[in-house]
Amino acid sequence: GDSVTQMEGPVTLSEEAFLTINCTYTATGYPSLFWYVQYPGEGLQLLLKATKADDKGSNKGFEATYRKETTSFHLEKGSVQVSDSAVYFCALIGGGSTLGRLYFGRGTQLTVWP
Amino acid sequence: GAGVSQSPSNKVTEKGKDVELRCDPISGHTALYWYRQSLGQGLEFLIYFQGNSAPDKSGLPSDRFSAERTGGSVSTLTIQRTQQEDSAVYLCASSPGSAKSGQFFGPGTRLTVL
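Heads up: the sequence lines are chains Z and Y, in that order. 133 is the number that our numbering gives to position 112 of the first sequence; each next residue is one higher, with no gaps. 112 is the number that our numbering gives to position 102 of the second sequence; each next residue is one higher, with no gaps.
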């Protein structure tokens, strides 16, 4: 079945450090891929998305590239800020559809220190 | 415009009682989803409505859980004879007919079963 595996946290970084959170997936067909973020005390927010191979999603300085050959969608940011401290979830909708349920990874807690 | 809203924001109930959780999706969104988030289980899919089609109930954990969506808009998730393991944050999301823009989440209802 469809599934997402993301790196275990917590991840602790100093401000302006480079961030990578790994995400790999298993899916039939061609999934659509998403990163969601959950700031402390808040709900889930869509951070970025990619719907086909080699697409790059980007938002707020974060980027992720849909790599079909490695079934990956790693999240990167060149210079993190304290305000980026949150839990990050990788997710997919399987089968080439953009409707239907999201399959989520377990989440990665990021803490950025000043 | 208004986002997804959920009520109540918090609900404390006694074991064995029934509870109803409400979701108001973004106006014009045809798809509506329920998930729950708990420490032990992460983010779990519960049920999905798309237009007038039969809902996808494959994620409901037991027959104590049910949901309906009236008039293609508001949805109610009902949990009968609540158990302590039902304690979680219940999240509602909606998406437009073409969900390439992703699913948009409400703030959640935190359910505590004593």
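Backbone N, C-alpha and C fix where the C-beta goes; we use that ideal spot for every residue, glycine too.
Using a C-beta to C-beta distance shorter than 9 Å, which residues of chain Y count as neighbours of residue i?
i	result
K67(Z)	For clarity, residue 67(Z) is Leu in the given sequence; the question names Lys instead. By Cβ distance, chain Y contributes S111, G112, Q113, F114 and F115.
For residue i, name the three-state secondary structure that DSSP assigns.
i	result
E78(Y)	strand
D66(Y)	strand
Q94(Y)	helix
V25(Z)	strand
D34(Y)	strand
V84(Y)	coil
S104(Z)	helix
A12(Y)	coil
F125(Z)	strand
K98(Z)	strand
K89(Z)	coil
E24(Y)	coil
Any idea which residues DSSP pairs residue i with across the strands?
i	result
L53(Y)	Q47(Y)
Y100(Y)	R46(Y) and T119(Y)
G78(Z)	A85(Z)
Using a Cβ cut-off of 7 Å, pull out every chain Y residue sitting near residue i, in sequence order please.
i	result
K70(Z)	G112
Of all Cβ atoms in chain Y, is any one closer than 8 Å to the Cβ of residue i?
i	result
R88(Z)	no
F110(Z)	yes
F55(Z)	yes
Closer than 8 Å, CB to CB, is residue i near chain Z or not?
i	result
Y43(Y)	yes
F55(Y)	yes
D34(Y)	no
D73(Y)	no
G118(Y)	yes
Going along chain Z in order, which residues have a C-beta closer than 9 Å to the C-beta of residue i?
i	result
L49(Y)	In chain order: nothing, as chain Z lies at least about 11 Å away.
Using a Cβ cut-off of 7 Å, pull out every chain Z residue sitting near residue i, in sequence order please.
i	result
G52(Y)	F125, R127 and G128
I believe residue i touches residue j by the beta-carbon criterion, under 8 Å. Please report the beta-carbon distance rounded to the nearest angstrom.
i	j	result
S93(Z)	T49(Z)	Rounded, the Cβ-Cβ distance is 17 Å, inconsistent with contact.
T23(Y)	V123(Y)	6 Å
Y43(Y)	Q113(Y)	6 Å
Q16(Y)	T119(Y)	5 Å
Who are the neighbours of residue i on chain Z, taking C-beta pairs under 8 Å?
i	result
L101(Y)	G64 and L65
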